[in-house]
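If you want it as C-alpha cells, here you go:
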C-alpha cells in the first residue's frame, strides 16, 4: 500500500510493534509449556517459567539425620552431617518451623523446641547438640531458603518415553496414535481421490446431485454418528478397535477430501485427459499416471489436514477405539487422564503435551505451503 | 507381539486392502467382465464406462452414507426412543421434554450461544488484524506462520498449555501461572482460581479456541486482501483517504464474502467444540457445552435417548449452514 502511494507511512513503526506484540502473545503460551518441560519438578512448582533463566530463591524442606546416628561428645549428644547430597547450593536463611522458614541466617544458632541447639552453615553442614539424648525416629525438619542455579534437564522426556516402569509413559500411546493416524490418513486419500476423479471428469447421471450431497455432508456434526455407529460396530463384530477407528476417520474426513480434491481436479487441463483417452488409455491408467501425479499439491494438503485431525483427535478415539483394557489408548486421552489425576505435576503434563505436539508441529512447519493451499481451495473459491 | 510390530502389520493390512480393491476391481472390469477385445469390443468399452464411475465412487459413497448420512436418521430415531430391557421402545418426544427440563441443558445452550457470539467474532477480528498488519512488513511471512502455528496443536495440547497459564498457587507462594502472576503484579490481592469463576471461566475457555482459530482466519483473509485490485486502493489514496479509511471503507467491504465464509467455518467448529471443555473443566463450574453435555449423557449417564436428542439439537443448529452451503455450491456449478 505504501509503495502504491509512493510515500512511506508514518504508521510503519506502529505496525511492526503491533505485529511483534501479536506474535509474542500467540507464541508465549506454547513457549511457556515448552520451557517447563525441561525443568525439574521442584523448579516448576517453585517459580514461573519466565524466571527459569535466573537463579532463584527456593525453599526446600529437608531433615537432619535420625537420632539413632547421634554420638556422645563429652557431656553433649551431637548429630552432625551435610543436608545435601552432591552439589550444595548457597544457603541464605533457614528455619525450623513452617511458620518462619527464614528465621535464621546461615551460621546462626537456633534453640530447638525440645531443648538443644542447631547450627546450619552456608555450605549445608549442620551440627545439632543437646545435653540430653535426642529421641524419636526421625530427624529434625529444616526449611532452607537457597539460591538454586537455573537447571535444564532432559530427564522428563527420558522417563516419559523410555522408562518401561513408568505407568504414565507415553511410548505405547505414541505408537498407538501412529497406528491410528497413518492408515486413517492414507485410506481416505485413496478412496477420495478415485471418487473426486469420477465426480470431476466422468460423465454419469446424478453427478450434480452427488456433489451437492458431499457439500451437505461437509457440515454434519460427527457427534450424531457416535451412538448409531458404535452400535453397528458392536453388531458386526469389530467392536472397539483400530478397524473401527480407521473406518470412522475415513468417513468423517471423506466430505472434505472429496470436496478439496474435486475442486482441484476440475481445474486440470481437459486436453491432457482427452488426448490420453484418444490414445487408448483406460480410465484407470489415466487416473494413476496422469491425474494422481498432477494432483500432488491437493493430495498433500488434504494429507496434512487429515493427519493433523486424526493425530489430534480425542472424541473419535474415545468412542470407537479405547476399550476397558486401556491397551489401545492414544496420546490425547492419556493427557486428559494425566490432567485429571496428576493435575499439579507440571513436569509430567508439560512433557507429555510436548511429546504429542512435536510431530504435528514438525509436519506443520515442513509442509505449511501445502496446508495453506488446501485451506484456500476449501474456503475461498 | 511387540506393539510397534503389530502397529505396522495392521497398517500394511489396512492400506493394502484399500489399494487391492481399486486395482483388482478395475482389472476385473477391463480384463474379465467387459474385455475391450473380440466381437463385442465396442459395446464392452461402453458398458465398462457406464460401470466404472460407480466402481470409483463405491467406497466413498459407502463410507459417506454409513458414517454421515445414515447416523442423521438413526440418531433422530434413537432420540425418539428409550432403551429398555427388551430393546428400544418408542417414547415420542419425551426425551426432548426431559432434556428441556434440565437446568444443565439450558446452561449448555447458554454457554454455546456465548461461544457462538464470541469465538467466531474474536477469531475473525484478530485474523483480519493479523492479516492486514503482516501483509505490510518484511518479516510478515514468519510472523504469519508463528500465529498460524496453534492450528497444528491438538485441542487437548492447547488445554494443557492454557491450564499452565491459568494455574493457581496458594496465597503467599510464587505463582507459576502467567495470569495470576500478572494479576498480582498489577495490584490484585489474592490469587484467583480462574477456571472456577462462573461466566468468566467460559471466557477463559473460549480464549483457547480463539488462539487456535485466529491463524486459520488470518491465512484465508490475507489471501482475500491480496486479491483486492490495487486500482481501487490507489484511487482511494489519491482521493486522500487515510490508512484506516482505506482499510474499513475499501478493503473490508470487498472481502466481505470471505469474512462470511471464515465466520461460518469457525461457527461450525464452535458448535462441535468438545475437547477443550472436556479436558479443562469437564463442564464443572457452569462451563457445560452441548457436545460435552451429550457425551455426559451418552457415556456417563448411559442415557442414549437424551444424548441423541442433544445431538439432534446440534444438527438443528448447523442445518441453516448446510442449506446455505448446498445453495451456494449449486449456484456455482451452473
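Residue numbers (the working numbering), protein chains in the order written: chain A, 12 to 392; chain B, 100 to 433.
For each residue, glycine too, the CB sits at the ideal point set by N, CA and C.
Model, not experiment: these values are computed from the prediction.
- At least one C-beta of chain A is nearer than 9 Å to the C-beta of residue 266 of chain B.
- Within the DSSP bridge table, the entry for residue 115 of chain A names A:105 as partners.
- Contacts between residue 239 of chain A and chain B, judged by CB atoms closer than 8 Å, involve 169, 170, 173, 174, 177 in chain order.
- DSSP places residue 321 of chain A within a helical segment (H, G or I) once states are collapsed to three.
- For residue 51 of chain A, the closest of A:78, A:34, A:163, A:270 by C-alpha to C-alpha distance is A:163.
- Here the segment 176 to 193 of chain A makes contact with the segment 358 to 376 of chain A; the two share three or more CB pairs at distances below 8 Å.
- Interface flag for residue 317 of chain A against chain B is unset, since no Cβ pair is found closer than 9 Å.
- Residue 348 of chain A carries a helical assignment under DSSP once its states are collapsed to helix, strand and coil.
- If you look at residue 139 of chain A, you'll find it in the beta strand (DSSP E) that goes 136 to 141.
- Judged by DSSP secondary structure, residue 39 of chain A falls within the alpha helix (DSSP H) whose first and last residues are 23 to 47.
- Counting of Cβ neighbours within 10 angstroms places residue 173 of chain A among the exposed residues, the total staying below 16.
- Residue burial annotation: residue 321 of chain B is buried, with at least 16 other C-beta atoms found within 10 angstroms of its C-beta.
- Closer than 9 Å to the CB of residue 37 of chain A there is at least one CB belonging to chain B.
- No Cβ-Cβ contact shorter than 9 Å links residue 117 of chain A with residue 106 of chain A.
- The alpha helix (DSSP H) runs lying completely inside the segment 262 to 349 of chain A and spanning 4 residues or more are 281 to 289, 294 to 297, 307 to 323, 326 to 331, given in chain order.
- Between residue 196 of chain A and residue 343 of chain A the beta-carbon gap is near 16 Å, outside 8 Å, which marks them as no contact.
- A Cβ of chain B is located within less than 9 Å of the beta carbon of residue 294 of chain A.
- In the DSSP annotation of this structure, the continuous segment of the alpha helix (DSSP H) that includes residue 330 of chain B starts and ends at 329 to 337.
- Our two residues, residue 167 of chain A and residue 177 of chain A, have alpha carbons roughly 11 Å apart in a direct line.
- In this structure, the straight-line span from the alpha carbon of residue 346 of chain A to that of residue 176 of chain B is close to 35 Å.
- Only residues of its own chain outside the window of five on either side were considered, and among them 304, 382, 386, 388, 391 have a CB closer than 7 Å to the CB of residue 376 of chain B, listed in chain order.
- Remark: fewer than three beta-carbon pairs, one from each stretch, lie closer than 8 Å, so the segment 275 to 293 of chain B and the segment 66 to 80 of chain A are not flagged as touching.
- Boundaries for residue 93 of chain A: no alpha helix (DSSP H) harbours it, while the beta strand (DSSP E) harbouring it runs 87 to 93, taken from the DSSP string.
- Against chain A, the CB of residue 377 of chain B has a partner CB under 9 Å away; the residue lies at that interface.
- Residue 157 of chain A counts as buried, since at least 16 other C-beta atoms from the protein chains shown sit within 10 angstroms of its C-beta.
- By alpha-carbon distance to residue 372 of chain B, the top candidate from A:335, A:232, A:292 is A:232.
- Ranked by how close their Cα comes to the Cα of residue 358 of chain A, the residues B:218, B:114, B:259 have B:259 in first place.
- At a Cβ-Cβ threshold of 9 Å, residue 410 of chain B and residue 178 of chain B count as neighbours.
- Contact with chain B is found for residue 27 of chain A, since one of that chain's Cβ atoms lies less than 9 Å from the residue's Cβ.
- Under the DSSP assignment, residue 256 of chain B falls in the alpha helix (DSSP H) whose first and last residues are 254 to 264.
- Residues of chain B whose Cβ lies closer than 8 Å to the Cβ of residue 202 of chain A are, in chain order, 117, 158, 159, 162.
- Inter-residue distance for residue 375 of chain A and residue 71 of chain A is about 42 Å (C-alpha atoms, whole angstroms).
- For residue 125 of chain B, at least one C-beta of chain A is nearer than 9 Å to its own C-beta.
- Look at the segment 139 to 208 of chain B and you find these whole runs of beta strand (DSSP E), each 3 residues long or longer: 180 to 183, 186 to 189.
- For residue 224 of chain A, the enclosing alpha helix (DSSP H) covers residues 218 to 228.
- Per DSSP, reduced to three states, the secondary structure at residue 133 of chain B is coil, with no helix or strand assignment.
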